[in-house]
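Residue numbers (my numbering), protein chains in the order written: chain W, 129 to 234; chain D, -18 to 301; chain P, 15 to 417.
Dropping the structure here:
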């Protein structure tokens, strides 16, 4: 930011001075809106990816109930956009139907 | 009830800022499944302040008021009072549940005064302490909930004191519902929230929340560690209503002799925070001391269970 | 209806007239009568309001913020140690942009324990984002509490308001007040409005982690709301006069300022004492007026520049000190005037309830008019024998040298 621009910005927010840059600042407080991916695609945090064996899966939903990220559906579809790769599903699966596999960097 | 019967609706949304394997996320997700959308929630400074994600997006599907650290009980009281007014004015057809969510620091330590005051006033909310046994949000310092001998960043050779028993402190308040829960027993946890929802007044539920980075175990082991806490007797599952305590799930099976209680060592050795009890050499003294404490508790519980038909039903506290 | 009531009880009447829905408060001398009276209204006279008898002031403010967040009109009352115990949450309340009103009885801070009048408590909280209005009569307390809700709930403001009045000289003395009709108050004060509220149908999160790229704007928004509040306070005072009756100035109230060449600036009940002093000085041939600062935050900079810029003498009375700087009000008046007008004389007096007779104000103002006053004065200082006793004791301990 050049000196002129900086001066103009400072001047714009002082009371009783012409407001140019700061004009749009009205009522603001810290209201947040519920959203999936509130910190983005948390799947990028992952080192190991869960891989499901459909043959072994009995659909008992243990992986679904324990998933901290709520990213496994009741049909045992894992949303890899958000799965952080914690490995709880693989650890808890009574049939060993989920394996954690080192993921190639995308 | 079985896992299949749990509701589908997710009120903790994926893609949030929680660590991998976060126990608080699991507890919150299950709690909100039980309480549903008609909930007003307040959170005090804790990991949950962070895991909900930063402004301007939020991972919570219920209205959420973030509040200062020491205020959990008071904030819940304010919400409950407002809800009472709004229900009387007819703004709400169905009374929303007030859910207060705090960590062990916000409950055992800085928030105990506000919580105790609210409980004495029997303020109408469900208070949840998700107990990860340290100040995990600030990098794992000791709290009043940190167990004996556990490493934290300010108890580097292991904590020298024993933790206090917050759930029993809440029982002593004579509130209508006190329960402890474990992530490894999700149906038990879910049903405790359902039962709490049907009661009016102060309800206190404490969930043990094994924290992978704080307790130093792999993120996939959260449930395993939670289960071992119950199986070794290091964490008791019970609910207390109308002067009577009932032990539930894994703890009940131990007391009734339907399951064998594992040595505490099984629980301690899977966590890096107790590593100094085993490396470089085994600290027999401290391990034995922890085991002795658990044994003493179970001797009493098992004795009471065996003698149950010979003991008169003594009400510990007058029902409210 | 005409009543003779204490300042504290008058607050309770105002709370009922404003149809407050949740009160959360903790007892502290000299505020106790406020909540005692409110709880009587609730238990015996059918006032529909939830009263939360919290276990501390920190909790009082937390409960009040939460109640306002859930969408109801909230009130609390405190004083001195109670206020500073709330300090964290005073910031939280303003930052939340939730409308609410709190009465504060101005009292000294310990140690030693002193329950008497002093403005150190609220002036120390001046930077929390709260609007602060100081009263000087019981009628003004009543009218101001009602006006405060109107200001607080104005969409260009949405900030909490603190209504301040002096311990004992106002809180516990009986004065005549006219209680307005409920219908008139209802015309003046519409139902509760807030910028946001917790509603399961629209699940919003308030107050989560906010990064540097967003935080400053929220603070600028509070700063702007204070600017806007000046006009809202003026309008509220006028509309209150028209719809309900009663006028006590807006940001400032002036006495004899039309012809004045010298001015005394003061806050609260001290301003009434200064008015008597000014009358005395006028009789002695000194055209002296009084500027009573009613709204301390937002600070009435324009008014003060207009009123004081042409004065020959300005004396500022302070019942609070910024240690390491001087009289709080005097410093701010000096800063506001800049080089304009005379250098204000700072008079710090009456701390911890010490009496400030009008004769003393007249005497020091006359000295200032004659150029015989010091820049900073503490004219009520009077080291007593009791202090000598404790000095002796310390000397015996060897902790204090002879010097």
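Glycine included, C-beta positions come from ideal geometry on N, C-alpha and C.
Residues of its chain near residue i, where Cβ-Cβ distance is below 6 Å and the 5 sequence neighbours each way are ignored
i	result
residue 143 of chain W	Reliability fails at residue 143 of chain W, whose pLDDT of 46 lies under 50, so the model's placement of it is uncertain and the value that follows must be treated cautiously. So the list is empty, once near-sequence residues are dropped.
residue 327 of chain D	Residue 327 of chain D falls outside the range modelled here, since chain D spans only -18 to 301, and no answer is possible.
residue 8 of chain P	There is no way to answer for residue 8 of chain P, as the model of chain P reaches only from 15 to 417.
residue 291 of chain P	372, 375, 376
Under 7 Å by beta carbon: chain W residues contacting residue i
i	result
residue 3 of chain D	196
residue 217 of chain P	162
residue -15 of chain D	189
residue 36 of chain D	158, 160
Cross-chain neighbours of residue i in chain P, by beta carbon under 7 Å
i	result
residue 158 of chain W	220, 221, 222, 224, 232
residue 33 of chain D	219, 222
Chain-ordered chain W contacts of residue i [CB-CB under 9 Å]
i	result
residue 209 of chain P	155, 157, 159
residue 311 of chain P	Going along chain W, no residue has its Cβ under 9 Å from residue 311 of chain P, so there is no contact; the nearest lies around 15 Å.
Short CB-CB distance (under 9 Å) between residue i and chain W
i	result
residue -11 of chain D	yes
residue 21 of chain D	no
residue -4 of chain D	yes
residue 174 of chain D	no
residue 12 of chain P	Here chain P has residues from 15 to 417 only, and residue 12 of chain P is not among them.
residue 357 of chain P	no
residue 82 of chain P	no
residue 287 of chain D	no
Cutoff 9 Å: residue i Cβ touching any chain D Cβ
i	result
residue 185 of chain W	no
residue 228 of chain W	yes
residue 212 of chain W	yes
residue 228 of chain P	yes
residue 214 of chain P	yes
residue 392 of chain P	no
residue 95 of chain P	no
residue 177 of chain W	no
residue 169 of chain W	yes
residue 181 of chain W	no
residue 67 of chain P	yes
Residue i: contacting residues in chain D (beta-carbon distance under 8 Å)
i	result
residue 173 of chain P	Simply none; closest approach about 18 Å.
Bridge-paired residues (DSSP) for residue i
i	result
residue 22 of chain P	Bridge partners of residue 22 of chain P: none, in fact.
residue 92 of chain P	P:118
residue 341 of chain P	P:335
residue 122 of chain D	D:116
residue 189 of chain P	P:19
residue 276 of chain P	P:302, P:327
Own chain residues within Cβ distance below 7 Å of residue i, not counting five before or after
i	result
residue 123 of chain D	115, 133, 135, 136, 140
residue 96 of chain D	53, 54, 88, 108
residue 287 of chain D	none
residue 262 of chain D	none
residue 197 of chain D	252, 253, 254
residue 382 of chain P	327, 329, 359
residue 48 of chain P	22, 25, 26, 91, 117
residue 186 of chain W	223
residue 242 of chain P	170, 171
Listed by chain order, chain B residues near residue i by CB distance under 8 Å
i	result
residue 111 of chain P	Although the question refers to chain B, the structure presented lacks it and instead comprises the protein chains W, D and P.
Contacts around residue i, its chain only, beta-carbon distance under 8 Å, and the 5 residues preceding and following it disregarded
i	result
residue 156 of chain D	100, 103, 182, 183, 184, 185, 301
residue 295 of chain D	Residue confidence for residue 295 of chain D is low, a pLDDT of 49 falling below 50, so the modelled location carries little weight and cannot support an answer.
residue 215 of chain W	176, 178, 228
Per-residue contacts from residue i into chain D (C-beta, under 9 Å)
i	result
residue 215 of chain W	1, 2, 199, 200, 201, 202
residue 218 of chain W	201
residue 224 of chain W	Going along chain D, no residue has its Cβ under 9 Å from residue 224 of chain W, so there is no contact; the nearest lies around 13 Å.
Within chain W, the residues that residue i reaches when beta carbons sit closer than 8 Å
i	result
residue 235 of chain P	153, 154, 155, 156, 157
residue 117 of chain D	Going along chain W, no residue has its Cβ under 8 Å from residue 117 of chain D, so there is no contact; the nearest lies around 14 Å.
CB contact below 9 Å: residue i versus chain P
i	result
residue 155 of chain D	no
residue 58 of chain D	yes
residue 149 of chain W	Residue placement at residue 149 of chain W is poorly supported in this model, since its pLDDT is 48, which falls under 50; the coordinates are not used for a value here.
residue 130 of chain D	no
residue 97 of chain D	yes
residue 94 of chain D	yes
residue 30 of chain D	yes
Contacts of residue i in chain D (Cβ-Cβ under 7 Å)
i	result
residue 199 of chain W	-5
At what residue ranges does the stretch 216 to 279 of chain D contain a whole run of the beta strand (DSSP E), taking only runs of 3 or more? 219 to 222, 225 to 228
Complete alpha helix (DSSP H) runs within the stretch 75 to 157 of chain D (minimum length 4 residues, chain order): 93 to 101, 147 to 153
Let me know the beta strand (DSSP E) ranges lying completely inside the stretch 152 to 179 of chain P, each 3 residues or longer, listed in chain order. Whole beta strand (DSSP E) segments, 3+ residues: zero.
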